[in-house]
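Report on one structure; see the data block that follows.
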Amino acid sequence: MRCDVHNIAGEITGQIDLDESVWGIEPHISVMHQALLRQLANARKGTHNTLTRGQVRGGGRKPWRQKGTGRARQGSIRSPQWKGGGVVWGPHPRSYVQAMPRKMRRLAIRSALSAKLRDERLTVVEGLMEIEPRTKIMKSILEKLPLGRSTLIVVPERVDVIIKAAGNLPEIETIQASVLNVRDLLKYDRLMVTREAIAVIEGLWALPEAKRAPSKWKLARMAARGQDIPEIAVAADEGITHA
């Protein structure tokens with residue numbers, strides 16, 4: 146799997162080989178959705194709190210006698226129906242943390258990356274890390290590249306030059322490849338990755354060779370449906386046979 150590489154002038158200077166286990170899988174929408182909900186939930190602090198009638202200060206004396214006033218009976222001015230009273234079934238501090246298996250988290254990242262490439266919303270660029278830290282320069286570079294309404298720039302490591310150059314541009318965000326997440330990948334319309342960041346991404350998210358071949362039950366199901374068997378599965382099967 147190959148992808149065009151652009152320079153900062155917007156010209157195609159060559160191509161780069163991409164790992165198919167990262168950029169070429171069928172996106173799992175449900176897994177990406179679950180990972181997004183988990184990330185948003187885990188970001189909540191959960192410190193919200195309300196006071197019950199027993200926690201509100203005051204209200205220890207009965208406001209008026211039980212009978213003979215013609216008014217409704219009341220036992221405390223801190224009852225929920227009173228202004229300034231306690232809250233019934235209000236929120237209290239809690240944890241919103243959701244668990245998700247590691248394999249599913251990794252699958253969500255690879256699905257989001259593959260979706261960007263499939264939808265032609267991935268731009269690989271070289272020479273971006275040598276620019277001057279000026280907003281004007283970054284804006285001119287972005288205008289020459291095939292970008293969308295919003296862009297996520299992925300760099301291999303913290304690069305202050307790019308952060309300063311893109312910091313004042315609306316709908317432009319810079320992120321390190323090591324902290325890529327589903328929320329940012331889905332939030333931004335376009336993904337711009339430096340050539341150096343491609344290696345970091347594939348080093349983190351690519352599947353090892355042993356896990357790339359489909360399992361036996363999946364191969365049997367594909368054969369029953371008349372689907373083509375992947376070459377890597379055929380090679381793995383031949384290796385087992387000859388052994």
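In terms of the working numbering, the sequence shown is residues 146 to 388.
For every residue, glycine included, the Cβ atom is placed at its ideal position computed from N, Cα and C.
| Asked | Found |
| --- | --- |
| Is it buried or exposed, residue 241, if we count other Cβ atoms within 10 angstroms and call 16 or more buried? | exposed |
| Short check: CB of residue 329 to CB of residue 341, under 9 Å? | no |
| Please return the same chain residues whose Cβ sits closer than 8 Å to the Cβ of residue 277, not counting the five positions on each side in sequence. | 306, 310 |
| Could you work out which residue in 224, 371, 218, 192 is closest to residue 205 when comparing CA atoms only? | 224 |
| Any idea if residue 315 is buried or exposed, counting beta-carbon neighbours within 10 angstroms, 16 or more meaning buried? | exposed |
| Under 8 Å Cβ to Cβ from residue 384, same chain only, skipping five residues before and after it: list those, please. | Because residue 384 sits at a pLDDT of 46, beneath the cut-off of 50, its placement in the model cannot be relied upon, and the following sentence gives the value as read from the coordinates. Once the five neighbours on either side are set aside, residue 384 has no close Cβ partner at all. |
| What separation, rounded to the nearest whole angstrom, lies between the Cα atoms of residue 197 and residue 236? | 10 Å |
| Does the contact criterion of 3 or more C-beta pairs under 8 Å hold for the segment 291 to 305 versus the segment 332 to 340? | yes |
| Quick one: residues in its chain with C-beta nearer than 6 Å to the C-beta of residue 380, no 5 flanking neighbours on either side, listed in chain order? | Since pLDDT at residue 380 reaches only 47, below the 50 mark, its modelled position is unreliable, and no value is offered. |
| When we look at the beta-carbon of residue 343 and count the other beta-carbons within 10 Å, is it buried (16 or more) or exposed? | buried |
| Taking the DSSP output, what are the residues bridged to residue 149? | 160 |
| With 9 Å set as the bound, which would you pick, yes or no: does the beta-carbon of residue 347 sit closer than that to a beta-carbon of chain C? | Checking the listed chains, one finds no chain C in this structure; it contains a single protein chain. |
| Just checking my contact of residue 253 with residue 177 at CB under 8 Å: how many whole Å lie between their CB atoms? | 5 Å |
| For residue 351, I'd like the list of residues in its chain whose CB is within less than 7 Å of its CB, leaving aside the five on either flank, ordered along the chain. | 164, 166, 167 |
| Unbroken alpha helix (DSSP H) runs of length 4 or more, entirely within the segment 295 to 329: which are they? | 305 to 311 |
| Which partner residues does residue 268 have in the DSSP bridge list? | 337 |
| Would you call the segment 269 to 276 and the segment 146 to 155 in contact, with 3 or more CB pairs under 8 Å? | yes |
| Ignore the nearest five residues each way along the sequence and tell me which others in residue 284's own chain have a CB closer than 8 Å to its CB. | 314 |
| Quick check on DSSP: helix, strand or coil for residue 178? | helix |
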